[in-house]
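Residue numbers (my numbering): -15 to 107.
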């Protein structure tokens, strides 16, 4: 078992890290295949393939922590999900074998999806 696949982490600026056309396929990781932490930390990954055939369901393949923004991660993902604030990271888009993409809907005008469809009283 591997702890993680790729880690981008501050404490200072750690931005503009670019990884193109690569595969990251450990069968299981403890923290996730791609971990991004820090307010000044971001990655650009295009054409990537992430696989984790034995990945724990509670551990996302990609975890972009709340302080990080403007990440670009595009490609194919298999076997687990992505944990990120998609409103701060609109460039995070994956295709999977069972879905067309993992990204926020453009119909949601609110940062917090729990408030979608709320009606504000005029009282």
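We put the CB at the ideal spot given by N, CA and C, even for glycine.
Computed from a prediction, not measured in an experiment: that's the story for all the values here.
Self-check item: residue -2 (DSSP reduced to helix, strand or coil)
Solution: In this structure, residue -2 counts as strand in the three-state DSSP scheme.
Quiz prompt | Length at least 4, wholly inside the stretch 31 to 86: the alpha helix (DSSP H) runs in chain order | solution = none
Self-check item: residue 16 - DSSP class collapsed to helix/strand/coil
Solution: strand
Quiz item: If we call anything under 8 Å between Cβ atoms a contact, is residue 33 one with residue 60?
Solution: yes
Self-check item: For residue 5, the three-state DSSP class (helix, strand or coil)
Solution: coil
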